[in-house]
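Report on the following structure.
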């Protein structure tokens, strides 16, 4: 069964970092224009290049963006998910260190390859590209950083599913499953002729429902031929009940059965339940 909530993962955090960087670097353009008012000449030498305030503002602003993102992500794990691991600290530290170097590298490349451009028309593009590519570079570190609340997987394990935490569990989602109920007859206490008459009617007037053990609304199955189907059932413990009143040649026969079932996530099931004669 496909998980509709899949792909809610670290890419969302990378996109959040990207948005923060883009906002901060574009804001820095305004600060440079308002506070510095310094023209920038792309014909400068390498030694003079390092003396320009704009060069250092790029690195400082990229560091600020990465630090802000790291703080917000750490706060999310501490307050909302209440699961902050030491692995996340190392990852965020690497991001903060890498962000200014990547931004400065892009700044230098742009500086030496646009000698005929002016600061006023190119600063916005330069800062935007620096933040854009720096933000996407963050995703590389996810190759080396295991998710915070994942569990280690043993090499000799034959069943990896028990070690993998799916995204819907992490973010509090539950994936409904479908249950197919197949009815049969418990012949105890029934005459052979009665059984034949019941089988000929094929459970046309049978009712099947699920009662959650923890309380809640009763679920009623939809009939599909001789099967009864629950299309969306949340994981949990339930009591399955089936009943039918059948008119026979010698009177009315009431059949009933119930059993406890456990519905597991992402596991569709076919359940057989035998109806027994109900003595009133």
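In the numbering used here, the protein residues as written are 277 to 556.
Glycine residues also receive a C-beta, built at the ideal position from the N, C-alpha and C atoms.
Whole-angstrom distance between residue 351 and residue 505, CA atom to CA atom: For the purposes of this step, residue 505 is identified with residue 229 of the chain shown, where counting begins at 1. For the purposes of this step, residue 351 is identified with residue 75 of the chain shown, where counting begins at 1. If I take the Cα positions, the gap works out to 44 Å.
Nonlocal neighbours in the same chain, by C-beta distance under 6 Å from residue 529, ignoring five residues either side: Here residue 529 corresponds to residue number 253 of the chain shown, with the count starting at 1. Hits under 6 Å: 522.
The stretch 463-473 touching the stretch 500-516, judged by at least three CB pairs closer than 8 Å: Contact between the stretch 463-473 and the stretch 500-516 is not established, with fewer than three Cβ pairs separated by less than 8 Å.
Alpha-carbon to alpha-carbon, residue 485 and residue 497: The residue given as residue 497 occupies position 221 in the chain shown. The residue given as residue 485 occupies position 209 in the chain shown. Cα-Cα distance, rounded: 6 Å.
For residue 541, three-class secondary structure by DSSP: The count along the chain shown starts at 1 and reaches residue 541 at position 265. Coil at residue 541, not helix or strand.
Identified DSSP bridge partners for residue 458: Walking along the chain shown from the start, residue 458 turns up at place 182. DSSP, once it has assigned bridges, lists 503 and 548 as partnering residue 458.
Identity of the residue in 343, 519, 492 and 553 nearest residue 458 by Cα: Locating residue 458 in the chain shown gives position 182, counting from the first residue. Residue 519 is the option with its Cα nearest to residue 458.
Backbone secondary structure at residue 528 - three-state DSSP: As a position in the chain shown, residue 528 is number 252, starting the count at 1. Residue 528 falls in the strand class under three-state DSSP.
Three-state class that DSSP yields for residue 554 in the structure shown: Looking up residue 554 in the chain shown gives position 278. In the structure shown, residue 554 sits in coil (DSSP, three-state: anything other than H, G, I, E or B).
Rounded straight-line distance, which links the Cα of residue 452 to that of residue 540: Counted from its first residue, the chain shown places residue 540 at position 264. Counted from its first residue, the chain shown places residue 452 at position 176. Taking the straight line joining both Cα atoms gives about 9 Å.
Burial state of residue 369, where buried means 16 or more other Cβ atoms lie within 10 Å: Position 93 of the chain shown, counting from 1, holds the residue named residue 369. By the neighbour-count rule (16 or more Cβ atoms within 10 Å), residue 369 is not buried but exposed.
Nearest-angstrom Cα separation, counted from residue 503 out to residue 478: Against the chain shown, residue 478 aligns to sequence position 202. Against the chain shown, residue 503 aligns to sequence position 227. Using only the alpha carbons, I get a separation of about 10 Å.
Nearest-angstrom Cα separation, counted from residue 533 out to residue 513: Against the chain shown, residue 513 aligns to sequence position 237. Against the chain shown, residue 533 aligns to sequence position 257. Using only the alpha carbons, I get a separation of about 17 Å.
Which listed residue (501, 516 and 482) has its alpha carbon closest to that of residue 494: Counting from 1 along the chain shown, the entry for residue 494 is found at position 218. With distances taken between Cα atoms, residue 494 lies closest to 516.
Under the three-state DSSP convention, the category residue 485 falls into: Translated into positions along the chain shown, residue 485 becomes position 209. If DSSP states are grouped into helix, strand and coil, residue 485 belongs with the strands.
Buried/exposed call for residue 365, threshold 16 Cβ in 10 Å: Taking the chain shown and counting its residues from 1, the one referred to as residue 365 is at position 89. The residue in question, residue 365, is exposed, as its Cβ has fewer than 16 Cβ neighbours within 10 Å.
Assigned exposure category for residue 531 - 16 Cβ within 10 Å defines buried: Within the chain shown, the letter at position 255 stands for residue 531. Residue 531 comes out buried.
Cα-Cα separation between residue 488 and residue 527, rounded to whole angstroms: To locate residue 488, count along the chain shown from 1; it is residue 212. To locate residue 527, count along the chain shown from 1; it is residue 251. About 34 Å.
Contact check, residue 475 vs residue 525, beta carbons under 8 Å: Counting from 1 along the chain shown, the entry for residue 475 is found at position 199. Counting from 1 along the chain shown, the entry for residue 525 is found at position 249. No. Outside cutoff.
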